[in-house]
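Last residue of the sequence shown: 751 (my numbering), numbering continuous.
Glycine included, every Cβ here is placed at the ideal spot set by N, Cα and C.
So the structure is just underneath, and the comments pick up after that.
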Amino acid sequence: MAGRKRTVERRRSKRYKAVEGAYAAISPNSHKLGQITDISMGGLAFKYIDTNNGDTNKEDNKNQGPSEESIFLSSMGFYVGDLPFKTISDDEVTDTPSFSAMKVRQRHVQFTDLSFKQLFDLDYYLRNNVSDQVEKLDQEYDK
Numbered sequence: 609m610a611g612r613k614r615t616v617e618r619r620r621s622k623r624y625k626a627v628e629g630a631y632a633a634i635s636p637n638s639h640k641l642g643q644i645t646d647i648s649m650g651g652l653a654f655k656y657i658d659t660n661n662g663d664t665n666k667e668d669n670k671n672q673g674p675s676e677e678s679i680f681l682s683s684m685g686f687y688v689g690d691l692p693f694k695t696i697s698d699d700e701v702t703d704t705p706s707f708s709a710m711k712v713r714q715r716h717v718q719f720t721d722l723s724f725k726q727l728f729d730l731d732y733y734l735r736n737n738v739s740d741q742v743e744k745l746d747q748e749y750d751k
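Right under this line is the structure:
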């Protein structure tokens, strides 16, 4: 494929597509709530509406303090709370048409320092809220 970058899959855990209705929210005051696109035991990606009106860096710097300490996951009948994380990337989504002035962003986070109970709860959440395994990006290069 021309134009497709060769990438190496660095994740340790298998990624799965999240079911419709699976949401993540960063706590407690960041206003970043959105639908989970994929998830694993190591982290997740979710899309959210950027409420910063184009001033992302200013808002992100303000929120790097105690307001972005943990992430909460929920879906129909399932909830996992207070998972510590670090942000790997947070990029604007440009491949979807937008009929609004609001921008959609996608944040990738890695879970950090999970307790045994948090690991157990996350495993239970995964078993009940995922559909298919996400294909590896470098699958065509494994031959």
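Beta-carbon proximity check, residue i vs residue j, cutoff 8 Å
i, j, result
"valine 738", "alanine 633", "no"
"threonine 659", "phenylalanine 693", "no"
"leucine 730", "valine 688", "yes"
Separation of residue j from residue i, as counted between CA atoms
i, j, result
"glutamine 718", "serine 683", "20 Å"
"alanine 653", "glutamate 676", "16 Å"
"leucine 691", "asparagine 736", "18 Å"
"aspartate 699", "tyrosine 656", "11 Å"
"serine 638", "tyrosine 631", "15 Å"
"glycine 650", "arginine 620", "7 Å"
"lysine 711", "isoleucine 644", "17 Å"
"glutamate 667", "glutamine 726", "Note that glutamate 667 scores 46 on pLDDT, short of 50, meaning its location in the model is unreliable and no value can be drawn from it."
"phenylalanine 686", "phenylalanine 728", "13 Å"
Beta-carbon contacts of residue i that lie in its chain and below 8 Å, excluding the five residues immediately before and after
i, result
"tyrosine 624", "Asp646, Ile647, Ser648, Leu734, Val738, Ser739, Asp740, Gln741, Val742"
"leucine 722", "Leu691, Pro692, Leu730"
Beta-bridge partners of residue i, as assigned by DSSP
i, result
"tyrosine 656", "Gly642, Arg713"
"valine 688", "Leu681"
"tyrosine 624", "Ile647, Gln741"
"glutamine 718", "Gly651, Lys694"
"alanine 632", "Gly642, Leu681"
"aspartate 731", "DSSP output for aspartate 731 lists no bridge partner at all."
Expected contact under 8 Å - CB spacing of residue i and residue j to nearest Å
i, j, result
"arginine 715", "threonine 695", "6 Å"
"serine 697", "serine 635", "Contact doesn't hold; Cβ gap of about 20 Å is too wide."
Own chain partners of residue i with C-beta closer than 6 Å, once the 5 adjacent residues on each side are dropped
i, result
"glycine 642", "Phe654, Lys655, Tyr656"
"glycine 629", "Ser683, Met684"
"lysine 640", "Ile634, Tyr656"
Contacts around residue i, its chain only, beta-carbon distance under 7 Å, and the 5 residues preceding and following it disregarded
i, result
"lysine 622", "Ser648, Gln741"
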